[in-house]
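What follows is a short report on a single structure.
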Amino acid sequence: MIAHFRPGWLEFFSLLSLLLFGIGQTETPATRRAALGIEIGNWQPHSLNDDPQFNTFGAAGATPSYGVNLSLPVGEYLGLRIAAGYWALYDLNETEAVHKLSLHSLCLDLKMLLVPDNRVSAFVMYGGGVYWGTENETTPFGSKLSSARPGWGANLGAGVDFALFRQMGVGLLFQYHFVRFETPLGGVTDFSGPKVGIGIHRHL
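Residues in the sequence shown are numbered from 13 upward in steps of one, following our numbering.
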């Protein structure tokens, strides 16, 4: 005779608990997984603004600061953040007549998690980067002149990440960029200033 196995209540609840809670316990926390994100913000270099106004699009003629970033965990409380950004300013008349000035950045920051393994995770970060600035100027005769400058900088900031879903989240970030160019760009060499940004990221 073949014996038929009939699971009791104890076995049933054990299996149900494993399905509901066991998987969640073995899942890697979001803060310990790599993440790819995009960001939009407002950057205000002091040298180009006598009275910085913190609004969505910065000074008149300025575009938002756009960026993409990759975050890589290196420990429970530490991570690396690689970010590439773009920012432009049109009709720069405050220092000299430049039709368009644009900055491209590539930064590497150390990200220190203050509250790891949580749906709301605060952090501080610092690092540095390289910058490539270009300016386009229209002469009185109608011809266009274009020149490029290399620069360097350091970053210091803080922010908070919010986990909305298993794979998606949003973040708020405040940074101060110390940016210098050896040769004047748009009439100035110092592009230091604060930047406020908001972004969305996906865990890989």
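For glycine and all other residues, C-beta sits at the position ideal for the given N, C-alpha and C.
If you're wondering where the values come from, they're calculated on a predicted model, not measured in any experiment.
Residue environment for leucine 197: buried (at least 16 other C-beta atoms within 10 angstroms of its C-beta).
The three-state secondary structure of arginine 131, taken from DSSP, is coil.
Residue pairing from DSSP places histidine 116 in a beta bridge opposite Tyr98 and Trp144. Glycine 205 has its alpha-carbon roughly 12 Å from the corresponding atom of glycine 169. The C-alpha of glutamate 149 lies about 25 Å from the C-alpha of glycine 165. With a beta-carbon spacing of about 6 Å, leucine 118 and valine 142 fall inside the 8 Å limit used to define contacts.
Counting along the chain, no beta strand (DSSP E) covers arginine 44, and no H or E run does either. Of the candidates Met137, Ala46 and Ile50, the residue whose Cα lies closest to the Cα of leucine 122 is Met137.
In this structure, glycine 49 places its C-beta atom within 7 Å of the C-beta atom of glycine 211. By the criterion of a C-beta distance shorter than 6 Å, histidine 213 is surrounded in its chain by Ala47, Gly49 and Gly181, once the five residues flanking it on both sides are discounted.
At the C-beta level, leucine 115 and alanine 74 stay beyond 7 Å of one another.
Cα atoms of phenylalanine 193 and lysine 207: separation of roughly 18 Å, rounded to the nearest angstrom. Listed in chain order, the non-local C-beta contacts of glycine 79 below 6 Å within the same chain comprise Glu51, Ala95 and Gly97, local neighbours out to five positions each way being set aside. Its chain contains Cys119, Asp121, Met137, Tyr138, Gly139, Gly140, Gly141, Gln187, Tyr188, His189 and Phe190 as the residues whose beta carbon lies nearer than 8 Å to that of asparagine 167, once the 5 sequence neighbours on both sides are disregarded; these appear in chain order. The secondary-structure analysis by DSSP pairs glutamate 51 across a beta bridge with Gly79 and Gly211.
Per DSSP, glutamate 194 is one residue of the beta strand (DSSP E) stretching across 180-197. Burial is judged here by how many other beta carbons sit within 10 angstroms of a residue's own beta carbon; histidine 215 has at least 16 and is buried.
Using a Cβ distance threshold of 7 Å, glycine 171 and leucine 185 count as a contacting pair.
Just measuring C-alpha positions, the residue of Leu84, Pro57 and Glu88 sitting nearest proline 76 is Pro57. Taking C-beta separations shorter than 7 Å and ignoring five residues to either side along the sequence, the partners of asparagine 81 in its chain run Gly49, Glu51, Arg93, Ile94 and Ala95, following chain order. Rounded to the nearest whole angstrom, the C-alpha separation of phenylalanine 174 and tryptophan 99 is 26 Å.
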